[in-house]
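A.B. asks: Shown below is the structure under consideration.
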Amino acid sequence: MTTLVIAEHENGAIAPATLNTVAAATKIGGDVHVLVAGQNVAAVGEAAAKIAGVSKVLVADNAAYEHQLPENVAPLVVELASAYSHVLAAATSNGKNILPRVAAHLDVDQISEIISVESADTFKRPIYAGNAISTVQSSAAVKVITVRATGFDAVAAEGGSASVEAVSAAHDAGKSSFVSEELAKSDRPELTAAKIVVSGGRGMQNGDNFKHLYTLADKLGAAVGASRAAVDAGFVPNDMQVGQTGKIVAPQLYIAVGISGAIQHLAGMKDSKVIVAINKDEEAPIFQVADYGLVADLFEAIPELEKLV
Amino acid sequence: MKVLVAVKRVVDYNVKVRVKADNSGVDLANVKMSMNPFCEIAVEEAVRLKEKGVATEIVVVSIGPTTAQEQLRTALALGADRAILVESADELTSLAVAKLLKAVVDKEQPQLVILGKQAIDSDNNQTGQMLAALSGYPQGTFASKVEVSGDSVNVTREIDAGAQTVSLKLPAIVTTDLRLNEPRYASLPNIMKAKKKPLEVLTPDALGVSTVSTNKTLKVEAPAARSAGIKVKSVAELVDKLKNEAKVI
């Protein structure tokens with residue numbers, strides 16, 4: 004039994020979600036191999052070889068894989084998959100884009116966003132925005148699975164010594180091409196990897212008021228998120244959205260500011276260790292999941308909080 | 149250009165579902181059902197393409213129970229020209245749905261297929277990508293902008309780090325994200341007109357598609373409940389609790 008983990012990487016570095024995915028692979032048991040597909044990714048391959056618990060790294064270095072186009076990467080994974088019992092990827096926008104294509108080519112059902120490994124063929128995953136947890140068993144010869152990073156503690160990025168092997172297969176479907184990318188620039192920690200997240204909702208009233216949250220976040224070393232309501236209202240960009248259809252976070256501390264707590268938002272943050280809610284409406288559903296609730300005007304509470312932490 | 153839109157009948161997004169006592173699934177008896185929100189966005193995008201003169205015909209398809217005809221009629225009222233229901237009383241997996249949609253794609257030969265990125269019941273986020281794989285088409289998932297020009301389509305995608313634009317050769321598959329558009333409401337005259345639009349009913353057997361699955365649901369449970377904590381009276385008390393009780397700052 005051997006599991007292939009598709010590495011997520013950006014700017015020549017392994018993305019944190021890969022370490023959580025390797026953790027899930029380790030729980031399944033057997034050997035863990037990692038595939039690094041991209042262009043000029045030798046350094047990423049070296050980094051992957053150091054991940055704890057990984058015994059082999061496959062590096063597919065080809066221009067066709069540069070932008071992780073699923074039309075090109077999926078056939079590569081399919082070609083490699085027959086040697087594996089499981090193929091795993093992080094449930095990131097990239098993993099979600101590529102892996103179902105792999106599953107369809109292999110003619111197997113995928114299991115999306117697992118949060119626990121019950122055995123080598125049985126997994127738990129949330130459905131209905133996390134309002135129910137489904138236990139799913141797979142009879143597929145190759146089990147194709149995406150992993151919700153918050154369900155698994157990351158393995159160590161250092162300490163392993165896997166062998167590195169080049170994969171020469173080049174798949175270029177010629178049906179899609181990369182045009183451009185606009186990446187959000189931020190010096191703050193990445194939302195899904197941050198230990199503390201400060202999120203704002205409709206109660207922030209406008210985008211400019213988010214500066215109060217940025218100041219607080221910088222003092223705490225926190226990332227800043229937002230509810231769908233705040234994104235829909237145009238206060239902040241969509242890559243800050245936490246929720247069922249946005250990012251799933253589970254930090255040590257989640258501070259929800261001016262967020263009412265719709266089930267779609269709770270789905271994205273209710274596994275946080277400690278939840279703080281600051282809202283002037285004491286009936287807001289967010290208080291039902293908050294460890295510490297403060298009924299207050301956020302425009303008074305946030306500056307005070309910033310002074311005291 | 150013909151556009152095919154796939155829609156799913158799901159529990160309404162405002163309903164908080166309950167798990168059945170025997171842990172066999174969630175209780176959907178007497179629960180309000182609606183079109184999946186991402187599918188509404190898919191229908192809206194197709195209608196806008198037709199209004200711009202890019203699309204000439206919109207075919208809407210659903211895979212599901214007889215009652216999914218309600219959602220197809222809604223799509224017809226919003227501007228789709230005709231509908232296809234592939235009727236199946238069983239709960240199908242994303243792969244089975246993708247295979248059935250592939251059979252419909254083979255029959256209809258659309259240039260563009262638009263689907264929601266995920267259904268809010270199973271939360272799989274698989275069907276569009278699987279349909280793309282099975283039909284050999286390129287995919288633009290989690291779309292926030294769709295621009296057709298000549299024999300290709302530029303799709304701007306919501307990705308974790310921001311936005312990415314890809315160019316796809318037609319025919320292609322697009323799955324919608326929330327910010328692609330704001331769906332309209334159907335007007336009463338259009339709802340009346342929709343009742344007369346054609347709706348064809350097919351079966352998986354008639355399409356020659358097997359819907360067997362490699363996945364088996366063993367049980368469905370309620371998530372561990374998170375108990376409400378305490379209300380603090382001041383910011384100072386909150387900071388004290390976070391520092392000395394929870395020890396998270």
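So the protein lines, in turn, are chains A and B.
When the letters of the first sequence are read in order and numbered with this note's numbering, they come out as residues 4 to 312.
When the letters of the second sequence are read in order and numbered with this note's numbering, they come out as residues 149 to 397.
The C-beta atom is built at its ideal place from N, Cα and C for all residues, glycine as well.
(1) Tell me, please, which residues DSSP counts as bridged to H268/A.
(2) Strictly below 9 angstroms CB to CB, what residues from chain A border I307/B?
(3) By Cβ distance, which residues of its chain are closer than 8 angstroms to I101/A, with the 5 residues on each side in sequence left out?
(4) Give me, in chain order, the residues of the same chain whose beta-carbon lies closer than 8 angstroms to that of D294/A; leave out the 5 immediate sequence neighbours on both sides.
(5) Excluding five sequence neighbours on each side, which residues of the same chain lie with their C-beta closer than 7 angstroms to the C-beta of N134/A?
(6) Using a C-beta to C-beta distance shorter than 7 angstroms, which residues of chain A count as neighbours of S361/B?
(7) Using a C-beta cutoff of 7 angstroms, does A281/B count as contacting chain A?
(8) To the nearest angstrom, how far is it from the Cα of P288/A to the Cα of A253/A?
(9) Quick check on DSSP: helix, strand or coil for F290/B?
(10) CB-CB under 6 angstroms to V234/B, same chain, minus the five flanking residues each way: which ones, in chain order?
(11) Starting from K178/A, find everything on chain B with Cβ-Cβ shorter than 9 angstroms and list it in chain order.
(12) Between the region 254-263 of chain A and the region 200-214 of chain A, can you find at least three pairs of beta-carbon atoms closer than 8 angstroms?
(13) For F302/A, decide whether its Cβ has a neighbour in chain B, counting only Cβ atoms nearer than 7 angstroms.
(14) May I ask you to list, following chain order, the residues of the region 361-388 of chain B that have a beta carbon less than 7 angstroms from some beta carbon of chain A?
(15) In chain order, what residues of the region 281-301 of chain A put their CB closer than 9 angstroms to some CB of chain B?
(16) Keeping to the same chain, check which residues put their C-beta closer than 6 angstroms to that of G162/A; ignore five residues upstream and five downstream.
(17) Closer than 8 angstroms by beta-carbon distance: list the chain A residues that pair up with D269/B, in chain order.
(18) Can you tell me whether L220/B is buried or exposed? The criterion is at least 16 other CB atoms within 10 Å of its CB, across all chains shown.
(19) Would you say T313/B lies against chain A (beta-carbon separation less than 7 angstroms)?
(20) What does K198/A pair with, by DSSP beta-bridge criteria?
(21) Is K273/A close to chain B, meaning its C-beta is less than 7 angstroms from at least one C-beta of that chain?
(22) For chain B, check one thing: does any of its Cβ atoms lie closer than 7 angstroms to the Cβ of L216/A?
C.D. replies: Taking the structure as given:
(1) Its beta-bridge partners do not exist; DSSP assigns none.
(2) T95, S96, N97, N100, E184, L186, D242
(3) I9, Q71, P73, V76, A77, V80, A92
(4) V277, I278, V279
(5) Taken in chain order, the residues that qualify are I266.
(6) D112
(7) yes
(8) Distance between the alpha carbons of P288/A and A253/A: 19 angstroms.
(9) strand
(10) I211, L248, L350
(11) Within chain B, the residues G284, Y285, P286, L316, K317, A320 have their CB atoms less than 9 angstroms from the CB of K178/A, given in chain order.
(12) Touching, yes, given that three or more Cβ pairs across the two stretches are closer than 8 angstroms.
(13) Closer than 7 angstroms: no.
(14) S361, T362, N363, K364, T365, L366, K367, V368, E369, A370, P371, R374, A376, G377, I378, K379, V380, V383, A384, L386, V387
(15) Contacts with chain B (Cβ-Cβ distance below 9 angstroms) from the region 281-301 of chain A involve I281, E285, F290, Q291, V292, A293, D294, Y295, G296, L297, V298, A299, listed in chain order.
(16) A55
(17) I130, Y131
(18) buried
(19) Closer than 7 angstroms: yes.
(20) Answer by DSSP bridge pairing: none, since K198/A is not bridged.
(21) By this cut-off, K273/A is an interface position.
(22) no
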